[in-house]
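Enquirer: My questions will all concern the structure given below.
There are 2 protein chains.
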Amino acid sequence: MGSKQLTEMLKGTLEGIVLAILATRPAYGYEITARLRDQGFTDIVEGTVYAVLVRVEQRGLVDVEKVPSEKGPPRKVYALNAEGRTVLAEFWRNWEFLVARIDTLHEES
Amino acid sequence: MGSKQLTEMLKGTLEGIVLAILATRPAYGYEITARLRDQGFTDIVEGTVYAVLVRVEQRGLVDVEKVPSEKGPPRKVYALNAEGRTVLAEFWRNWEFLVARIDTLHEES
DNA sequence: GGTCGGTATTCAGTGTTGCCAAGTACCGGT
DNA sequence: ACCGGTACTTGGCAACACTGAATACCGACC
Chain D
1 MGSKQLTEML KGTLEGIVLA ILATRPAYGY EITARLRDQG FTDIVEGTVY AVLVRVEQRG
61 LVDVEKVPSE KGPPRKVYAL NAEGRTVLAE FWRNWEFLVA RIDTLHEES
Chain X
110 MGSKQLTEML KGTLEGIVLA ILATRPAYGY EITARLRDQG FTDIVEGTVY AVLVRVEQRG
170 LVDVEKVPSE KGPPRKVYAL NAEGRTVLAE FWRNWEFLVA RIDTLHEES
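Top line first, the protein sequences correspond to chains D and X. Last residue of the first sequence: 109 (the working numbering), numbering continuous. Last residue of the second sequence: 218 (the working numbering), numbering continuous.
This is how it looks when you write it as structure tokens:
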């Protein structure tokens with residue numbers, strides 16, 4: 001069970017994390033969840049990832065394509081588009097800003 | 110806040126930030142807001158800081174003392190206690206975990 | 001004496017977000 | 001026919017930062 005603290009930290013970063021994953025190559029929800037788990041986010045909830053994908057699609061940050069799967073229902077493959085890349089770049093800027101400020105605080109204590 | 114992204118990122122980190130400030134020395138709300146502004150969080154909202162302080166007080170992470178001010182109404186001075194230090198340590202662990210994961214993603218893109 | 005600005009705290013309401021829990025759907029192997 | 005793995009959807013909930021306004025205390029200035 002992930003700590004409540006970490007859950008709250010994910011608010012605002014999870015979207016960026018998903019966009020960053022899509023930046024390397026297109027992917028579908030189930031795959032993204034699995035990759036997050038491999039990557040260390042062992043407690044990430046599937047429903048949450050899908051919710052993020054719905055959101056970024058509605059905001060027009062990704063292009064979507066339905067691709068038949070051999071192992072189950074069709075996959076919705078998400079690909080980062082130009083708008084998405086812009087938002088991702090903004091995410092990195094904000095993230096680095098936050099990390100810098102918090103690092104300063106950490107050193108002071 | 111400047112960007113909505115940064116606002117969302119603060120969720121889950123602002124509490125840790127405030128605790129980190131209190132770890133250096135006791136402080137009151139107005140002062141903490143000012144320090145955050147000096148430190149780069151130029152758009153931080155006063156009401157938000159007070160809300161965090163109410164929360165950490167209710168959770169018993171701080172000791173509170175009312176101190177008269179020469180320039181206005183009495184100040185509520187917050188001091189981090191043992192429980193607060195524990196939570197702050199947990200915050201740093203979670204923060205470093207998140208930074209590590211996200212750094213990995215950043216390098217991959 | 002009355003107003004203005006700086007200090008200092010509180011509070012109701014809003015929107016966004018991740019989690020929980022359950023459900024739907026497709027498929028291969030037994 | 002059933003079960004487990006794959007794959008997506010959805011309604012309700014709690015936590016959090018922001019908005020905007022209100023309250024209160026004080027010194028300085030006209």
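Yeah, the Cβ is synthetic: ideal placement off N, Cα and C, and Gly gets one too. The model shown is predicted, which means the values in this text are computed figures rather than measured ones.
Quick check on DSSP: helix, strand or coil for Lys76/D?
Expert: strand
Enquirer: Any idea what DSSP makes of Val154/X, helix, strand or coil?
Expert: Collapsing the DSSP output to three states places Val154/X in coil.
Enquirer: Just to confirm the assignment, what range does the alpha helix (DSSP H) spanning Lys4/D have?
Expert: Lys4 to Leu10
Enquirer: How far does the beta strand (DSSP E) with Glu174/X in it extend, from its first residue to its last?
Expert: Val171 to Val176
Enquirer: Within 10 Å of its beta-carbon, does Ala100/D have 16 or more other beta-carbons around it, so buried, or fewer, so exposed?
Expert: exposed
Enquirer: Considering only the alpha carbon of each residue, which of Glu8/D, Gly16/D and Leu36/D lies closest to Leu123/X?
Expert: Proximity to Leu123/X across Glu8/D, Gly16/D and Leu36/D peaks at Glu8/D, based on C-alpha coordinates.
Enquirer: Please confirm if Gly149/X has its CB atom under 8 Å from at least one CB of chain D.
Expert: So, interface residue.
Enquirer: With a cut-off of 8 Å, does the C-beta of Lys120/X fall near any C-beta of chain D?
Expert: yes
Enquirer: Would you say Leu131/X and Val163/X are within 8 Å of each other, going by their C-beta atoms?
Expert: no
Enquirer: Since Ile211/X meets chain D, which of its residues come closer than 9 Å, beta carbon to beta carbon?
Expert: Thr13, Gly16, Ile17, Ala20, Trp95 and Val99
Enquirer: Out of Glu108/D, His106/D and Val87/D, which has the shortest C-alpha to C-alpha gap to Gly16/D?
Expert: Val87/D
Enquirer: Note down, in chain order, every chain D residue with its Cβ under 7 Å from the Cβ of Thr133/X.
Expert: Glu108 and Ser109
Enquirer: Taking Glu90/D as the query, report the chain X residues whose CB atoms sit under 9 Å from its CB, ordered along the chain.
Expert: Here the neighbours are Ser112 and Gln114.
Enquirer: Just to confirm, is the Cβ distance from Gln148/X to Asn94/D under 8 Å?
Expert: no
Enquirer: In terms of residue numbering, what span does the alpha helix (DSSP H) encompassing Asn203/X cover?
Expert: Ala191 to Glu217
Enquirer: Can you tell me whether Thr42/D is buried or exposed, with buried defined as 16 or more other CB within 10 angstroms of its CB?
Expert: exposed
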